[in-house]
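Chemist: One rule links them: number in the numbering used here = place in the sequence shown (from 1) + 44. Sharing a structure here in structure tokens format.
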Amino acid sequence: MEFTAPPAAISPAALLLVSSARRNLRQVLNHPAFTPERRQQAELLLTASTNASQLLRWKLLALKECEAWEDAELAREARELGPAAHPDYAY
45 MEFTAPPAAI
55 SPAALLLVSS
65 ARRNLRQVLN
75 HPAFTPERRQ
85 QAELLLTAST
95 NASQLLRWKL
105 LALKECEAWE
115 DAELAREARE
125 LGPAAHPDYA
135 Y
């Protein structure tokens with residue numbers, strides 16, 4: 045997470061938005077749905093981007109991917125549970 049100096053044309057307010065969007069996207073990318081390799085690739089892209097709206101679109105896509113991963117994990121776990129230990133205990 046090295047600091048990359050922004051181009052001179054970015055205003056301080058825009059720089060704050062971009063910095064915040066990058067931080068938010070990095071937090072989402074820490075989800076186990078993303079491999080270390082994908083995080084490294086994403087880091088290269090998000091470090092190079094100076095468009096806050098693009099970074100937020102990527103964050104939305106990453107959140108959707110996290111949701112799909114979690115749904116798949118829950119479905120897998122439900123298949124592995126087997127029958128309940130007691131009929132009144134439906135886990």
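All C-beta atoms, glycine included, are put in the ideal place defined by N, C-alpha and C.
Whole angstroms is fine: what's the gap from K108's alpha carbon to R67's?
Modeler: 18 Å
Chemist: Would you report the Cα separation of T91 and L125, rounded to the nearest angstrom?
Modeler: Here the alpha carbon of T91 sits roughly 42 Å from the alpha carbon of L125.
Chemist: If you follow the alpha helix (DSSP H) that N74 is part of, which residue opens it and which one closes it?
Modeler: That residue, N74, is in no alpha helix (DSSP H); it is neither H nor E in DSSP.
Chemist: Sorted by chain position, which residues of the same chain lie with C-beta nearer than 7 Å to A86's C-beta, five sequence neighbours on each side aside?
Modeler: Exclusion of the five residues before and after A86 leaves L73 as the residues of its chain whose Cβ lies within less than 7 Å of its Cβ.
Chemist: Can you give me the Cβ contacts of L89 inside the same chain, cut-off strictly under 8 Å, excluding the 5 residues immediately before and after it?
Modeler: W102
Chemist: Short check: CB of A53 to CB of A96, under 9 Å?
Modeler: It is not a contact, given that the beta carbons lie outside the stated cut-off.
Chemist: Would you mind reading off the limits of the alpha helix (DSSP H) that contains A136?
Modeler: Residue coverage of the chain in this structure runs from 45 to 135, which leaves residue 136 outside it and unanswerable.
Chemist: What residues in its chain sit with their C-beta under 7 Å from that of R83, if we drop five residues either side in the sequence?
Modeler: For R83, the CB contacts under 7 Å within the same chain, skipping 5 residues up- and downstream, are L73 in chain order.
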